[in-house]
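Structure record follows, encoded as C-alpha cells.
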Amino acid sequence: MWRRWASAHPTHCLLQISSRQTGSALASCGSMRQYIFTCCIGCVLKELGDIFLIEVCQVKLDGSSLMTLSGFGECQVFTNLESTRKVIDIASLLGRSTGLAFVDCSASSETIGVLNQVVDLGCCVVLANKKPLTSTMEDYDKLVSHPRRIRHESTVGAGLPVIVSLKRILSSGDPVHRIVGSLSGTLGYVMSEVEDEKPFSEVVKAAKRLGYTEPDPRDDLSGMDVARKALILARLLGSRINLDNIKIESLYPEEMGPSVMSVEDFLVSGLLLLDKDIKERVEKASSNGNVLRYVCVIEGSRCEVGIQELPKSSPLGRLRGSDNVLEIYSRCYSEQPLVIQGAGAGNDTTAAGVLADILDIQDLFP
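Under the numbering used here, the residues of the sequence shown are numbered 83 to 448, in order.
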C-alpha cells in the first residue's frame with residue numbers, strides 16, 4: 083500500500099507525528115509536491131486504506147493542495163494511548179523495510195518517548211523540534227543511537243547548513259574548539275536596533291508588531307530557545323551536559339516573569355524599566371569600539387548564552403536584522419572562522435530544511 087505513492091525519487095514512507103506552523107509550511111512546500119506526500123499532519127488517525135490513497139493521488143494529479151483533504155491538518159497524535167499505539171504499530175510494520183521517516187515539527191517534549199521507540203524499530207527520524215535533542219542525556223543517547231537514521235538540520239538556524247557543516251568538520255578529524263553564534267532572529271534584530279540608540283522597549287514592541295517575537299516576547303527574551311540550540315551544538319561536539327549546565331542570561335528579571343506579570347503589563351510598564359540598563363551597556367560597548375550581540379558561546383566545557391561585546395568589524399558585529407550568524411573555530415579554521423549566515427527564522431525556511439533532511443535520508447534506502 084505504501085509503495086503506491088508517486089515520486090520522482092525512490093519512494094519511502096513519511097509520517098509527520100506533530101504539527102505547528104512549520105508542519106503546515108512543510109505540507110504546502112512546492113518541492114514536497116514533486117517528491118513526497120505526507121499522509122496526515124498530526125498522524126495516522128485517518129485510515130490509510132485504498133480509498134484515502136486514491137483521494138490523495140487524485141488531489142495531487144489535479145494540482146491541488148493536500149490541505150483540501152477532509153481531516154488533513156489535524157494534530158491529535160498524543161491525545162490518547164490508542165493513537166500512540168497506532169504510531170508504534172506502523173513503525174513495527176514498516177520501519178526496517180521501507181525507511182519510514184517520522185517527522186516531528188512540534189515544540190513538544192511529549193514526542194520523546196514515541197521517537198525513542200520508533201528509532202529502536204528501525205525508523206528514521208527528522209526533527210525541527212529541539213526538545214527531544216535537549217532532554218536528558220539518557221533520552222538523547224537513545225535518540226542518536228543510530229546517527230545515520232536521524233536528521234535535525236532545522237533545529238539550529240532553520241534551513242541554514244549548520245548541523246551538516248559541523249558534522250563534516252568533525253568527520254574530517256578537524257577538532258572544533260570554539261563556536262560563537264547569534265541564533266535567534268528575534269534577539270539579533272533587537273540587539274542590532276538598540277545599537278542605533280533606539281529604546282529597548284520600543285524595539286521589542288516593534289519586533290512584536292513585525293511578527294518576530296512569540297505572542298509573549300519573554301519567550302524570546304528569556305534566552306531559553308538559544309540555550310537549547312547551544313546545547314544541541316555542544317552535544318554534537320561531545321559535551322555530556324544538560325540545559326541546567328548552561329549559563330543563561332535572561333533580558334528581564336525574575337520579578338517580571340510570566341508567573342508574576344501579565345503580558346500586557348510587561349509590554350506597557352515592565353519593558354520601560356529595562357531601557358536604562360540596556361542603553362548603558364550599549365554606550366559602554368560603543369566606547370570600546372564594540373557592539374552588543376546576544377550570542378551562544380561554546381568553548382571546551384564552557385557553554386553559555388547572553389549579551390557579549392563584539393568587534394563591529396566581525397561577522398557577528400556586522401549582523402543586522404533577523405539573520406543568524408555562526409562562527410566555527412577549529413584547527414583548520416583557527417584564524418578565520420567558518421562563517422555561516424542567512425535567514426535563520428521563518429516557517430518556509432524551516433520547512434525547506436526539514437524537506438531537505440527527508441530527501442537526504444532516502445539515500446539510505448535505494
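Even glycine gets a Cβ: it sits at the ideal position worked out from N, Cα and C. Bear in mind the structure is a predicted one, so any value in this text is a computation, not a measurement.
- Around the beta-carbon of G270, 16 or more other beta-carbon atoms lie within 10 Å, marking it buried.
- For a cut-off of 8 angstroms, the C-beta gap from G241 to C206 is around 19 angstroms, too long to register as a contact.
- Contact annotation: E346 and I389 have beta-carbon atoms that are not nearer than 8 angstroms.
- Collapsing the DSSP output to three states places R178 in a helix.
- P297 and V285 have their alpha carbons spaced roughly 15 angstroms apart.
- Per the Cβ contact rule, the region 421 to 439 is not in contact with the region 273 to 287 (fewer than 3 Cβ pairs under 8 angstroms).
- The Cβ-Cβ distance between M273 and Y411 does not fall below 8 angstroms.
- Residue burial is scored here from C-beta neighbours: Q418 has fewer than 16 other C-beta atoms within 10 angstroms and is therefore classed as exposed.
- With 16 or more other Cβ atoms inside 10 Å of its own Cβ, V200 counts as buried.
- The Cβ atoms of V407 and L398 lie closer than 8 angstroms to each other.
- Taking C-beta separations shorter than 6 angstroms and ignoring five residues to either side along the sequence, the partners of L303 in its chain run L333 and Y334, following chain order.
- For S369, there are no CB contacts under 8 angstroms within the same chain when 5 residues up- and downstream are skipped.
- By the CB criterion at 8 angstroms, K311 and E386 fall outside the cutoff.
- Per DSSP, S368 is one residue of the alpha helix (DSSP H) stretching across D357 to S369.
- Distance from the CA atom of C414 to the CA atom of H259, rounded to whole angstroms, is 11 angstroms.
- F282 carries a helical assignment under DSSP once its states are collapsed to helix, strand and coil.
- E137 and D144 have their C-alpha atoms roughly 11 angstroms apart.
- For R375, the enclosing beta strand (DSSP E) starts and ends at N372 to E381.
- If you draw a straight line from the Cα of E365 to the Cα of R233, it comes to about 42 angstroms.
- In chain order, S264, G270, S274, R375 and V407 place their CB closer than 7 angstroms to the CB of L401, counting only its own chain and leaving out the 5 sequence neighbours on each side.
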